[in-house]
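Peer 1: Take this structure first; my questions come after.
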Amino acid sequence: PGILDPLNPYVFTHSFGDDPKIKTRDKNILVVEGIDVLNATPLLDIKPYIPRFDRIETASEGWTANKQWRQKPEGRE
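Going by the working numbering, the sequence shown opens with residue 484, and the numbers climb by one from there.
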């Protein structure tokens with residue numbers, strides 16, 4: 484799964500809204516709504532989420548597990 488995978492529960496991203504939708508399609512051009520990008524920004528790779536291929540049940544946080552996270556500095560929210 485890619486970093487911009489809005490339907491995969493194992494990928495954390497805020498680049499997509501709650502419900503991205505394809506509005507229109509003209510050959511290889513898709514017009515999409517419900518995503519957080521500037522108008523006319525090219526999206527290079529859109530794929531469907533297919534649980535049996537994309538879901539990794541054994542995924543873990545690796546070396547970051549059980550680490551104490553510090554707060555962001557003021558003004559960097």
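Built from N, CA and C at the ideal position, the CB exists for glycine as well.
1. Do you know whose CA, among Q554, F536, N511, E540, lies nearest L527's CA?
2. So, at 6 Å on beta carbons, what are the nonlocal neighbours of E516 in its own chain, with the 5 sequence-adjacent residues on each side left out?
3. I'd like to know whether the C-beta atoms of I529 and L513 end up nearer to each other than 8 Å.
4. How many Å lie between L508 and F536 at the Cα?
5. For W546 and E540, what's the separation of their Cα atoms in angstroms?
6. Between which two residues does the beta strand (DSSP E) holding V515 run?
Peer 2: The answer reads as follows:
1. Position 44 of the sequence shown, counting from 1, holds the residue named residue 527. Out of Q554, F536, N511, E540, N511 has the C-alpha closest to the C-alpha of L527.
2. The count along the sequence shown starts at 1 and reaches residue 516 at position 33. Closer than 6 Å at the Cβ level, and outside the excluded window around E516, lie K504, K506.
3. Along the sequence shown, one-based indexing puts residue 529 at 46. Along the sequence shown, one-based indexing puts residue 513 at 30. Going by beta carbons, I529 and L513 fall inside the 8 Å limit.
4. Here residue 508 refers to the residue found at position 25 when the sequence shown is read from its first residue. Here residue 536 refers to the residue found at position 53 when the sequence shown is read from its first residue. Per the sequence shown, residue 508 should be read as Arg rather than Leu. Whole-angstrom Cα-Cα distance: 26 Å.
5. Taking the first residue of the sequence shown as position 1, residue 546 is located at position 63. Taking the first residue of the sequence shown as position 1, residue 540 is located at position 57. Taking the CA atoms as reference points, W546 sits about 18 Å from E540.
6. As a position in the sequence shown, residue 515 is number 32, starting the count at 1. Where V515 is concerned, the enclosing beta strand (DSSP E) stretches over 512-518.
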